[in-house]
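Under the working numbering, the residues of the sequence shown are numbered 1 to 142, in order.
Beta carbons: idealized from backbone N, C-alpha and C, even for Gly.
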Amino acid sequence: MTEVTWSPPSMVQADTEYLPEKIAGFYQEAHDAFSIGAFRAVLLLSRSVIEATAKVNNASGKTLVNKIDSLHEEGLIRPGTKKVAHALRILGNDMAHGDLSESPTPIDAEDVLKLVRMVLDDVYVGEAMTADILARRGKAAD
């Protein structure tokens, strides 16, 4: 009998500072999927991050299209980030609905993780990080 040794891949730790716990869980899971080469799952989970972010922030609308638009209208995401969020929605939908024409590559999955981060930075990170930096310097944000 042949003995086979297997070691799990090292996991990519996501930067979840300033993220709500539930959002951080989805975001970390997308990174975990990337670590094991589950690139379709990265796209699906990234869409879930966008949906969960919209829900946590009480974005209005029944569809994710409406919720993303609501995040923009409420000033939580910039116009460019709105386009990014819609792109993530479309890519996630392709995976969810079994678009078999093209499998995501490692570069595709890495790009998606970068795009998700842009949305999270707009909604959660930028303002909280700025407040922390100013607080350390004894300043208040205007």
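Practice item. Compare the Cα-Cα distances from D32 to each of L113, K82, A131, D121 and report the closest residue. Key: As a position in the sequence shown, residue 32 is number 32, starting the count at 1. Nearest option by C-alpha distance: L113.
Review point. Curious, which full-length alpha helix (DSSP H) runs of at least 4 residues does the stretch 33-78 contain?
Key: 39-56, 64-73
Review point. Roughly how many whole angstroms lie between the Cα atoms of T2 and G37?
Key: On the sequence shown, residue 2 is found 2 positions in, with the first residue counted as 1. On the sequence shown, residue 37 is found 37 positions in, with the first residue counted as 1. About 26 Å.
Check your understanding: Grouping DSSP H, G and I as helix and E and B as strand, with all else coil, what is E127?
Key -> Within the sequence shown, the letter at position 127 stands for residue 127. Three-state DSSP puts E127 in a helix.
**Study point:** Cβ contact (3+ pairs, closer than 8 Å) linking the stretch 81-93 and the stretch 11-21
**Key:** no
Review point. How many Å lie between D111 and A131 at the Cα?
Key: Mapped onto the sequence shown, residue 111 falls at position 111. Mapped onto the sequence shown, residue 131 falls at position 131. Straight-line Cα distance between these residues: approximately 28 Å.
Review point. What whole-angstrom Cβ distance do L88 and V125 have, given they're in contact under 8 Å?
Key: What you label residue 88 is simply residue 88 of the sequence shown in a count that begins at 1. What you label residue 125 is simply residue 125 of the sequence shown in a count that begins at 1. Not quite, the Cβ-Cβ distance comes to about 17 Å (not below 8 Å), so this is no contact.
Check your understanding: Taking the C-alpha atoms as reference points, what is the distance between S70 and L120?
Key -> Counting from 1 along the sequence shown, the entry for residue 70 is found at position 70. Counting from 1 along the sequence shown, the entry for residue 120 is found at position 120. Distance between the alpha carbons of S70 and L120 is about 15 Å.
Review point. Whose C-beta lies closer than 6 Å to the C-beta of G61 among residues of the same chain, with five residues either side of it excluded?
Key: Locating residue 61 in the sequence shown gives position 61, counting from the first residue. Closer than 6 Å at the Cβ level, and outside the excluded window around G61, lie K67, S70.
Check your understanding: Assuming L76 contacts N93 under a Cβ cut-off of 8 Å, what Cβ separation, rounded to an integer in Å, is found between them?
Key -> Taking the sequence shown and counting its residues from 1, one reaches residue 76 at position 76. Taking the sequence shown and counting its residues from 1, one reaches residue 93 at position 93. Not quite, the Cβ-Cβ distance comes to about 22 Å (not below 8 Å), so this is no contact.
**Study point:** Neighbourhood of E51 by C-beta distance below 6 Å, restricted to the same chain and skipping five residues each side
**Key:** By 1-based counting over the sequence shown, the position of residue 51 is 51. Excluding sequence neighbours, E51 sits near L64.
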